[in-house]
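Protein chains: 2
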Amino acid sequence: MRDSKNGTRRPTIKDIARESGYSKTSVSFAFNNPSRISEKTRDQILKTADRLGYIPNPMARNFSLQRHLSIGFLLPQMVQYSLKNPYTLEVIAGIGGVCEKMGYTLTIIPPLHKSLALAVRNAAVDGLITLGSQIDSDIITVMQTRLLPFVMIDGPSDEKTSSIYIAEEEAAYTQMKIALDYGHRKIAIIGLASATFAIDEVSESVSAKRMQGYHRALREQGLDFTNVTTMVSECSLEDGRQAGRSILALPSLPTCVVTMSDIVAIGCITAFREAGISVPDQISVVGFDNIEEASTITPALTTIDQPATEKGRMGAKVLFSMIDGTEEEPVHHLIEHRLIVRDSLAPR
Amino acid sequence: MRDSKNGTRRPTIKDIARESGYSKTSVSFAFNNPSRISEKTRDQILKTADRLGYIPNPMARNFSLQRHLSIGFLLPQMVQYSLKNPYTLEVIAGIGGVCEKMGYTLTIIPPLHKSLALAVRNAAVDGLITLGSQIDSDIITVMQTRLLPFVMIDGPSDEKTSSIYIAEEEAAYTQMKIALDYGHRKIAIIGLASATFAIDEVSESVSAKRMQGYHRALREQGLDFTNVTTMVSECSLEDGRQAGRSILALPSLPTCVVTMSDIVAIGCITAFREAGISVPDQISVVGFDNIEEASTITPALTTIDQPATEKGRMGAKVLFSMIDGTEEEPVHHLIEHRLIVRDSLAPR
DNA sequence: TAGAGATAGTAAACCGGTTTTCATGAGGCG
DNA sequence: CGCCTCATGAAAACCGGTTTACTATCTCTA
């Protein structure tokens, strides 16, 4: 006897059938296919259902219909990092907007026992959107084995799976180039710490591609990575602040910090301000993402705009087209990026 | 015949049973109750499962076990607002952290066909967390009818349902009082637009309680609402910016803006900066929430700290204790708030 | 060596809906 | 009047797992 604390049990379709004197079938029709039964029958059933406080069990319904009415978003990292990164949040908002329109819920899927693959195995969703490069082949295998439609945003590129991406190398090149064009030669780069988790196909990771872009820009000036200081940071305000402090602790202060993430850039600026170092007078900072806060902070951030919400929206749209069977072939969407020049970068 | 595009079908437990020569029961035991069968049998079954690429169907599993392994977060408003409000996001992050620890996913539930109650009816979750005051009696009725455990954060107070809250009236009083103490008399209040949706028990809404606090502080100075300009704004940066522009358009500029939300305060400051109005020299701004950005913006925001992440964490903990049956009685957690004095408020 | 108990396996019920298939009766039409 | 069609309702299969209850065999002990 399946009952709740107070001894009551939710009425099932069977209870309504018995109580109203009709069959399970008719009760089901009363709710989902009114034209299939007479109006009088429908009224009686509905009245009975109302009297007993019947609400169809969503799980049973979904199980029978073989659908979840929810899509999943695979958190790239632990919750404490992922959900503190405005970029991720903007992507989620983009996905959420489409879900709302489609009448779906959005399931946020954290790693299960530290394992993303395990979380994907158990995820009760109709499709999955991933973000970032730490999607290894294990995870992809699970999704494919489950025949689960999925779209990768900023993921490792693969012809056979749908993806939403920007020209990472080109964007990073542009970002570094503007710093160099402004005369900076003593540069610190803050990369993405999470990228260190990417096991296979390292060269396909977002971090690696951007590094290639940086390298190209440096090379054009006759420089290479030996001329710059490189460090990594998690994508959160607090970690960015820490990174900023590390830079302040360097034997000699760089004139420009190039980060792979706005939130880290903002953290740096905060750290610099706390130390009484003026941005951009004493040190310039360049960000990446163009999150909303980039324009409200002082100084406003010079950064690369990649429309995060749009990425999420596009990813969700593609996923839904796969779910409803409209789209058969994997699609690849290149999202435009652009340089946003604001105040945090000043000439050397 | 249920099959995917390429004509394949996911193998079920039955297929593994047939293929391995054992029964469904044994296959189930092989995965969930190894001690129940011999090692040899288990090996053979597992090998077969592996060969066929069998992954237990999560929906069927959950249905059989009568649980979802997911809790829901009911979005107070449309996605475009809710997920653009850092306060909401911090609450979500708090909930998410607990979910991760418990091995649960977090289902973000937007209104379905504009209706929150309908969304709750269909939500495939083991419990629900609500945020804000627009939880009307319809929604509560649905949750109770479904025997769904739920916790309300910042919700309308009700003895019989679990809640997480702060002393709204007192906090608002403190917030207004500091503005008055600094000598401000020409004040604009920006309230919560969403509060207008709260149908019943209006006096219980967060917005109403805070207004009472404002009123008390004003009264102590011999003032009342006729002395202040009141307007409302959605909780997003952009709407806050709009509100700021409205204030600039006022016949005479107030000396201080008291907002019910940091993100709106930041939006205002942005609008003021765009108009060349200096904060706090020409106009002061006081916020509410103490979101992370409050400390990074220039000028740093004077605000009321209410630990959003902690609220989410606490709400989730309470909910899980209800789900696993530990907690029988409704619990009510009062979370501490405090005044944070920073730079956006200056003496008149 | 009979009986008890442990071990290993299976059949069938169950979770709560949806949907296919079938039965019955009424009405329409030639 | 006989046949066909349509309207209405119900029985039963199905979705894919888990779990209870039962059986058969093997082992140990008195």
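So the protein lines, in turn, are chains F and X. Numbers 12 to 359, taken from my numbering, label the letters of the first sequence in order. Numbers 12 to 359, taken from my numbering, label the letters of the second sequence in order. Just so you know, even glycine gets a beta-carbon here, dropped at the ideal spot from N, CA and C.
Under 7 Å between beta-carbons, which chain F residues line up against residue i? List them in chain order, please.
{"i": "A132/X", "result": "The displayed chain sequence assigns Arg, not Ala, to residue 132/X. By Cβ distance, chain F contributes I66."}
So, at 7 Å on beta carbons, what are the nonlocal neighbours of residue i in its own chain, with the 5 sequence-adjacent residues on each side left out?
{"i": "I210/X", "result": "The pLDDT assigned to I210/X is 40, lower than 50, so where the model puts this residue is not dependable, and the model offers no usable value."}
{"i": "P119/F", "result": "Contrary to the premise, residue 119/F reads as Ile rather than Pro in this sequence. Excluding sequence neighbours, I119/F sits near F84, L86."}
{"i": "E212/F", "result": "For E212/F, the predicted structure reports a pLDDT of 46, less than 50, and the residue's modelled location is therefore unreliable. A value from the coordinates is still provided. So the qualifying residues of the chain are P167."}
{"i": "D54/X", "result": "none"}
{"i": "M154/F", "result": "V131, L139, F161"}
{"i": "T185/F", "result": "I315, L350"}
{"i": "G64/F", "result": "P22"}
{"i": "R78/X", "result": "D137"}
{"i": "E30/X", "result": "T59, L63"}
Report the neighbours of residue i on chain F: residues whose CB is nearer than 8 Å to its CB, in chain order.
{"i": "Q91/X", "result": "A104, G108"}
{"i": "L80/X", "result": "N133, A135"}
Can you list the residues of chain X that residue i reaches, using a CB-CB cut of under 7 Å?
{"i": "P69/F", "result": "N133, A134, A135"}
{"i": "I421/F", "result": "Since the first residue of chain F shown is 12 and the last is 359, residue 421/F is not available in this structure."}
{"i": "K95/F", "result": "A104"}
{"i": "F74/F", "result": "M70, A71, F74"}
{"i": "H344/F", "result": "Here the premise fails: no neighbours, minimum Cβ distance about 21 Å."}
Below 6 Å CB to CB, which residues in the same chain sit around residue i once its five sequence neighbours on both sides are set aside?
{"i": "A60/X", "result": "I27"}
{"i": "T240/X", "result": "A199"}
{"i": "D101/X", "result": "Here residue 101/X is Glu; the residue named in the question, Asp, does not match the sequence. Excluding sequence neighbours, E101/X sits near A319, T320."}
{"i": "I351/X", "result": "N301, T314, D316"}
{"i": "D235/F", "result": "L229"}
{"i": "I280/F", "result": "V290, V296"}
{"i": "L259/F", "result": "A286"}
{"i": "V243/F", "result": "G202, A204"}
Check whether the Cβ atoms of residue i and residue j sit closer than 7 Å, and answer yes or no.
{"i": "E375/X", "j": "Y92/X", "result": "Beyond the ends of chain X as shown, which are 12 and 359, falls residue 375/X; an answer cannot be given."}
{"i": "T314/F", "j": "G336/F", "result": "no"}
{"i": "M163/F", "j": "F331/F", "result": "no"}
{"i": "G287/F", "j": "R252/F", "result": "no"}
{"i": "A276/X", "j": "L312/X", "result": "yes"}
{"i": "I334/F", "j": "G138/F", "result": "yes"}
{"i": "T156/F", "j": "I66/X", "result": "yes"}
{"i": "Y33/F", "j": "S81/F", "result": "no"}
{"i": "S173/X", "j": "P341/X", "result": "yes"}
{"i": "L191/F", "j": "Q232/F", "result": "yes"}
{"i": "R359/F", "j": "T266/F", "result": "yes"}
{"i": "T309/X", "j": "T309/F", "result": "yes"}
{"i": "P121/X", "j": "E111/F", "result": "yes"}
{"i": "A182/F", "j": "Y225/F", "result": "no"}
{"i": "K35/X", "j": "I24/X", "result": "yes"}
Using 8 Å for Cβ pairs, my map puts residue i next to residue j. What's the rounded Cβ distance?
{"i": "K322/F", "j": "G108/F", "result": "Not a contact, Cβ separation roughly 12 Å."}
{"i": "I274/X", "j": "F283/X", "result": "Contact doesn't hold; Cβ gap of about 15 Å is too wide."}
{"i": "E170/X", "j": "K220/X", "result": "So it is not a contact: roughly 17 Å between Cβ atoms."}
{"i": "V268/F", "j": "V296/F", "result": "5 Å"}
{"i": "H344/F", "j": "I175/F", "result": "5 Å"}
{"i": "S218/F", "j": "G202/F", "result": "5 Å"}
{"i": "P69/F", "j": "A134/X", "result": "7 Å"}
{"i": "L123/X", "j": "L117/X", "result": "The pair is not a contact, with the Cβ atoms about 18 Å apart (cut-off 8 Å)."}
In chain order, what residues of the same chain lie with their CB nearer than 8 Å to the CB of residue i, ignoring the 5 residues before and after it?
{"i": "Y98/F", "result": "C246, S272, D273, I274, D300, I302, A319"}
{"i": "R324/F", "result": "G105, I106, G108, V109"}
{"i": "N96/X", "result": "C246, S247, S272, I274"}
{"i": "T52/X", "result": "Y33, S37, A41"}
{"i": "M12/F", "result": "Legend: pLDDT at M12/F = 35, less than 50; position of this residue unreliable, value from coordinates given subsequently. Closer than 8 Å at Cβ, skipping near neighbours: R20."}
{"i": "Y193/X", "result": "C267, S295, L356, A357, P358, R359"}
Along chain X, which residues have their Cβ under 9 Å away from the Cβ of residue i?
{"i": "I308/F", "result": "E304, T307, I308, T309"}
{"i": "E111/F", "result": "L86, M89, V90, Q91, P121, P122, L123"}
Check the Cβ of residue i against every Cβ in chain X and list those closer than 8 Å, keeping chain order.
{"i": "R157/F", "result": "R21, I66"}
{"i": "L100/F", "result": "L94, L100"}
Which chain F residues are close to residue i, counting only those with a beta carbon under 9 Å from its beta carbon?
{"i": "S355/X", "result": "What S355/X touches in chain F: nothing, since even the nearest Cβ is about 12 Å away."}
Near-chain F residues of the region 264 to 286 of chain X (beta-carbon distance less than 7 Å), N- to C-terminal order: I277, T281
The region 228 to 252 of chain X: which residues have C-beta closer than 7 Å to a C-beta of chain F, in chain order? L248
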